[in-house]
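Working notes, beginning with the structure itself.
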Amino acid sequence: MNSESRMTIVVPVLNREATLQRTLDSISSQTARPLSVIIVDNGSTDNSRDIASRWMSRHKASDFDITLLDMPEKGVSKARNLGLREAVTPYIMFFDSDDTMSPHHVEDIMTEFAADPTLDIVGRDVRLHKLNGRTRTLPFADSDLLFQHIFYSILSTQRYAVSTSLLRKAGGWNEEVTVWTDYELGLRLILENPKVKRIDRAPAVDVYQQPDSITTDSYSKRDKELMKSFLICNEMLSGNMPLRDLKMLDLKGIILAGNLTRAKSPEGRRLLVEILDFADGPFEKIGRCACYLYTALGGRGAHRIAYFRHSLKKCLKSHRACPQSK
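Sequential numbering of the sequence shown, starting at 0, is according to numbering that gives the first Met the number 0.
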């Protein structure tokens, strides 16, 4: 691998023959050089591996190193961890095999890392293309990280690049987690107290929603996996965060419970009961039940209640910290 490269892009692939070429071409169009790319085929049964192999033959160069690896054991986290083990650059990003990046994306990120070598994570907003044809911006943030990640998943895979050493210190990808993989990893990265920078420019990554994304239907199909992922996240934070921060994750769990119930999964009520056991008094229980029912009946945006309360508390705290005007 090119020892001068400072960034590795890891692309796990599983049966993406319809989108992989577009993704890889967007990577080869990057203005940043030198650059390293690791493609990990996760046991594809279509033409994905052949597409990756042909692309590698066409584009591999002295300043554009490409490695094609195989991880036959299924699991995107297993594939990503193989790429992480093989990476030798100080920075790394993971990119899904159905998304695209604008030509300046990696260069923008590397400019920030070069300007401040103490940075651990550099990220930016991304643009989501939904199945119904609509688009919306998914935000990144470099302050109030725990709140922003719990409710807005700011450390989802496509939104950031990270110091390779920090990612390894955090433990890499959890291979026991099969959904919310980047959500769980993001929480562990935040526990490492990283220094984060947001690129304040237009999105340079296009994320394309796929039919197998988490929707109402897949809440019922993957209910036990979702429940397991939430409980892993909750257990991880329990010994590392104050109670007020754990309450934010509890609200995330209440919203998940509502979505599971709306999808007619019995796991929803089980999760609700478990979270209610940790409520402080009857009023908090009532509030959690109201949020659960609102979501279960089809209501959307319950997290905005948390955002309003959180912003109000920050405003009041800031006001109290200011000296009284005479």
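For glycine and all other residues, C-beta sits at the position ideal for the given N, C-alpha and C.
It should be emphasised that the depicted structure is a prediction, and the values quoted were computed from it without experimental measurement.
- Exposed unless 16 or more other CB atoms sit within 10 angstroms - verdict on T156: Stepping through the sequence shown from its first residue, residue 156 is reached at position 157. When all chains shown are included, T156 counts as buried.
- Which two residues bound the contiguous beta strand (DSSP E) that contains R287? Working through the sequence shown from its first residue, we reach residue 287 at position 288. Careful: R287 lies outside any beta strand (DSSP E), inside the alpha helix (DSSP H) at G280 to A295.
- Task: To the nearest angstrom, report how far apart L242 and L236 are at their CA atoms.
- Result: One-based indexing of the sequence shown puts residue 242 at position 243. One-based indexing of the sequence shown puts residue 236 at position 237. Taking the straight line from one Cα to the other gives about 10 Å.
- Neighbourhood of R197 by C-beta distance below 7 Å, restricted to the same chain and skipping five residues each side: For this step, residue 197 is matched to residue 198 along the sequence shown. Within the same chain, R197 has close Cβ partners G122, R123, F139, A140 and D141.
- Query: DSSP beta-bridge partners for Y159?
  - Reply: Translated into positions along the sequence shown, residue 159 becomes position 160. DSSP lists G122 as partners of Y159.
- Do the CB positions of M100 and A203 come within less than 8 Å of each other? Position 101 of the sequence shown, counting from 1, holds the residue named residue 100. Position 204 of the sequence shown, counting from 1, holds the residue named residue 203. Their beta carbons are under 8 Å apart, which means M100 touches A203 by this criterion.
- Nearest CA to the CA of W179: which residue from L154, Q147, S164 and H128? Position 180 of the sequence shown holds residue 179. That would be L154, whose Cα lies nearest to the Cα of W179.
- Query: So is V9 buried or exposed if we call it buried at 16+ other beta carbons inside 10 Å?
  - Reply: On the sequence shown, position 10 is the one that residue 9 refers to. By the 10 Å Cβ count, V9 comes out buried.
- As assigned by DSSP and simplified to three states, the class of K196: Taking the sequence shown and counting its residues from 1, the one referred to as residue 196 is at position 197. Residue state, collapsed to three classes: strand.
- Item | Start-to-end residues for the beta strand (DSSP E) that takes in D64 | Counted from its first residue, the sequence shown places residue 64 at position 65. Here the beta strand (DSSP E) through D64 covers F63 to D69.
- Item | Ordered list of alpha helix (DSSP H) runs contained in the stretch 194–274, each at least 4 residues | 215–220, 222–237 and 242–261
- Message: L270 and G252 - do their beta-carbons sit closer together than 8 Å?
- Response: Here the question's residue 252 lines up with position 253 in the sequence shown. Here the question's residue 270 lines up with position 271 in the sequence shown. Yes.
- Item | Residue range of the beta strand (DSSP E) that includes I37 | Counted from its first residue, the sequence shown places residue 37 at position 38. Segment L34 to D40, the beta strand (DSSP E) holding I37.
- Item | Nearest-angstrom Cα separation, counted from D205 out to T215 | Taking the sequence shown and counting its residues from 1, the one referred to as residue 215 is at position 216. Taking the sequence shown and counting its residues from 1, the one referred to as residue 205 is at position 206. With a pLDDT of 47 at T215, under the threshold of 50, the predicted position of this residue should be treated as unreliable, and no value is reported.
- Beta-carbon proximity list for L130, same chain, < 6 Å, skipping 5 on both sides: Mapped onto the sequence shown, residue 130 falls at position 131. So the qualifying residues of the chain are Q208.
- Thinking C-alpha only, which one of Y151, R187, E174 and Q20 is nearest Q165? Within the sequence shown, numbered from 1, the residue matching residue 165 stands at position 166. The question names Gln, yet the displayed sequence has Leu at residue 165. Measuring from the Cα of L165, the nearest candidate turns out to be R187.
- Item | Element boundaries [alpha helix (DSSP H), containing I189] | Residue numbering aside, residue 189 sits at position 190 when the sequence shown is read from its first letter. Element bounds for I189: T180 to L190.
- Where T110 falls: helix, strand or coil (DSSP): Locating residue 110 in the sequence shown gives position 111, where the first residue counts as 1. T110: helix per DSSP, three-state reduction.
- Item | Touching by the beta-carbon criterion (3+ pairs, under 8 Å), the stretch 2–21 and the stretch 83–101 | yes
- Query: Secondary structure at V105, three-state DSSP: helix, strand or coil?
  - Reply: As a working note, residue 105 is residue 106 in the sequence shown. Helix, per DSSP.
- Would you tell me roughly how many angstroms separate the C-alpha atoms of I213 and F150, rounded to the nearest one? For the purposes of this step, residue 213 is taken as residue 214 along the sequence shown, with counting starting at 1. For the purposes of this step, residue 150 is taken as residue 151 along the sequence shown, with counting starting at 1. Caution applies to I213, whose pLDDT of 47 falls short of 50 and renders its modelled position unreliable; the model cannot decide the point.
- What residues in its chain sit with their C-beta under 6 Å from that of I108, if we drop five residues either side in the sequence? Position 109 of the sequence shown, counting from 1, holds the residue named residue 108. Excluding sequence neighbours, I108 sits near V121 and A160.
- Message: From the DSSP secondary-structure annotation, give me the bridge partner or partners of V12.
- Response: As a first step, residue 12 must be located in the sequence shown, where it is residue number 13. V12 pairs with D40.
- Taking C-alpha atoms, which residue in D49, M6, E16 and R53 lies nearest to V36? Mapped onto the sequence shown, residue 36 falls at position 37. Closest by alpha carbon: M6.
- Message: Once DSSP output is grouped into helix, strand and coil, what is the label at R5?
- Response: In the sequence shown, counting from the first residue as 1, residue 5 sits at position 6. Reduced to three states, the DSSP call for R5 is coil.
- Message: Restricting to Cα atoms, I'd like to know which of L68, I65, A78 and V176 is closest to I231.
- Response: The sequence position of residue 231 within the sequence shown is 232, counting from 1. Ranking the options by Cα distance to I231, first place goes to V176.
- Task: Tell whether a beta-carbon distance below 8 Å holds between E183 and A169.
- Result: What you label residue 183 is simply residue 184 of the sequence shown in a count that begins at 1. What you label residue 169 is simply residue 170 of the sequence shown in a count that begins at 1. For E183 and A169, no; Cβs fall outside 8 Å.
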